[in-house]
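Trainee:
In this note's numbering, the protein residues as written are 360 to 648.
1. Give a yes or no on contact between the region 549-557 and the region 624-639, applying the rule of three or more CB pairs nearer than 8 Å.
2. Would you say residue 522 and residue 616 are within 8 Å of each other, going by their C-beta atoms?
3. Using DSSP with H/G/I as helix, E/B as strand and the rest coil, what is residue 369?
4. What residue from 621, 460, 582, 451 has the CA that sits closest to residue 539's CA?
5. With the cut-off set at 8 Å, would you say residue 549 and residue 622 are in Cβ contact?
6. What is the residue span of the beta strand (DSSP E) that residue 515 lies within?
7. Please classify residue 637: is it buried, with 16 or more other beta-carbons within 10 angstroms of its beta-carbon, or exposed?
8. So if DSSP puts residue 481 in a beta bridge, which residue, or which two residues, is it bridged to?
9. Alpha carbon to alpha carbon, what distance is there between residue 645 and residue 563?
10. From the DSSP output, read off the bridge partner residues of residue 592.
11. Can you list, in chain order, the residues of its chain with a C-beta nearer than 6 Å to that of residue 518? Leave out the 5 residues immediately preceding and following it.
12. For residue 386, which three-state DSSP category applies?
13. Would the region 558-578 count as touching the region 525-539 if we require 3 or more Cβ pairs under 8 Å?
14. Just tell me which of 381, 499, 401 has its CA closest to the CA of residue 392.
15. Hey, out of 572, 371, 404, whose CA is closest to residue 388's CA?
16. Once DSSP output is grouped into helix, strand and coil, what is the label at residue 457?
17. Would you call the region 451-466 and the region 484-499 touching, i.e. three or more CB-CB distances under 8 Å?
18. Name the DSSP bridge partner or partners of residue 302?
19. How is the beta strand (DSSP E) around residue 577 delimited, first residue to last?
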């Protein structure tokens with residue numbers, strides 16, 4: 360079994376589709392199919408079945424898919440250890456970034472970091488914070504930039520926090536909100552209950568949701584175009600000074616906050632690439648970037 364074989368099994372298990380897997384790995388479908396057959400011959404057992412709904416893994420295939428993740432991680436760890444012995448700081452830094460941070464913060468951060476350490480390669484994945492949390496917990500990545508607090512046995516550092524506000528392209532009074540059109544958006548299970556609890560504490564009727572969208576950026580565009588109000592973190596509207604923003608205050612008189620954290624495992628901090636990135640991040644005022 361070669362390293363590429365483990366990549367094939369892992370990608371196929373993720374995609375459950377020969378065409379998508381071939382495209383992801385930049386190989387032809389016939390070459391991919393041929394390699395899968397050779398892997399099956401190597402282990403003398405069928406690993407997958409195919410029908411018009413895609414690829415299905417056998418019990419043996421499921422086991423090998425689990426092992427593929429372990430082997431890929433082992434290869435990455437070996438390479439990291441070898442890079443750690445080199446005179447210059449080099450290697451691959453694996454980072455997971457929430458969608459929000461990926462758009463508003465990480466490009467500037469990586470630009471500055473690469474200027475200091477040009478030999479370091481950065482592998483970046485983006486997604487919902489819950490998915491990034493899972494990846495750093497499984498040690499698929501070195502660092503996770505995560506919005507909200509998740510259960511965690513490793514280390515985490517608070518990077519910045521921002522207020523949650525009600526924002527609209529028009530003037531409004533707090534008591535008018537239940538009758539005004541609200542633009543709701545898909546957010547994680549950390550922030551949504553906080554907003555819902557605040558609403559129940561202040562209003563007897565549910566909000567009038569005129570539009571529901573998937574992402575906060577779409578919500579922002581709806582707000583800017585006067586289609587309703589949104590309950591959003593203040594950061595997304597920092598470039599729109601004309602938007603009317605009112606910070607939400609809880610029953611104790613404190614503003615509702617959205618916190619962004621850096622999650623990481625101390626086990627990785629002996630690697631120079633991780634040590635340098637951690638030091639670089641903790642010396643930045645990310646909230647002001």
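Even glycine gets a Cβ: it sits at the ideal position worked out from N, Cα and C.
Mentor: The structure says:
1. By the criterion of at least three beta-carbon pairs nearer than 8 Å, the region 549-557 is not in contact with the region 624-639.
2. Translated into the one-based positions of the chain shown, residue 522 becomes position 163. Translated into the one-based positions of the chain shown, residue 616 becomes position 257. Remark: C-beta atoms of residue 522 and residue 616 approach each other more closely than 8 Å.
3. By 1-based counting over the chain shown, the position of residue 369 is 10. Helix, per DSSP.
4. Numbered from its first residue, the chain shown carries residue 539 at position 180. Looking at the Cα atoms, 582 is the closest of the given residues.
5. The residue given as residue 549 occupies position 190 in the chain shown. The residue given as residue 622 occupies position 263 in the chain shown. Taking 8 Å as the Cβ cut-off, residue 549 and residue 622 do not qualify as a contacting pair.
6. What you label residue 515 is simply residue 156 of the chain shown in a count that begins at 1. DSSP places residue 515 in the uninterrupted beta strand (DSSP E) bounded by 514-527.
7. As a working mapping, residue 637 is identified with position 278 in the chain shown. When all chains shown are included, residue 637 counts as buried.
8. Here residue 481 refers to the residue found at position 122 when the chain shown is read from its first residue. Checking the DSSP bridge columns, you'll see residue 481 partnered with 452.
9. By 1-based counting over the chain shown, the position of residue 563 is 204. By 1-based counting over the chain shown, the position of residue 645 is 286. So the two alpha carbons sit approximately 38 Å from each other.
10. Looking up residue 592 in the chain shown gives position 233. BP columns for residue 592 point to 523.
11. The sequence position of residue 518 within the chain shown is 159, counting from 1. For residue 518, where only same-chain residues beyond five positions count, the Cβ hits under 6 Å are 619, 621, 645.
12. As a working mapping, residue 386 is identified with position 27 in the chain shown. The answer is coil: DSSP assigns residue 386 none of H, G, I, E or B.
13. Two segments are said to touch when three or more pairs of C-beta atoms, one from each, lie closer than 8 Å; by this definition the region 558-578 touches the region 525-539.
14. Position 33 of the chain shown holds residue 392. Closest in alpha carbon position to residue 392, among 381, 499, 401, is 381.
15. Within the chain shown, residue 388 is the residue found at index 29, counting from 1. In terms of CA proximity to residue 388, 371 leads the group 572, 371, 404.
16. Taking the chain shown and counting its residues from 1, one reaches residue 457 at position 98. DSSP places residue 457 within a strand segment (E or B) once states are collapsed to three.
17. Yes, the region 451-466 touches the region 484-499.
18. Limits of the chain in this structure are 360 at one end and 648 at the other, which puts residue 302 out of reach.
19. In the chain shown, residue 577 corresponds to position 218, counting from 1. Segment 575-583 is the alpha helix (DSSP H) holding residue 577; no beta strand (DSSP E) there.
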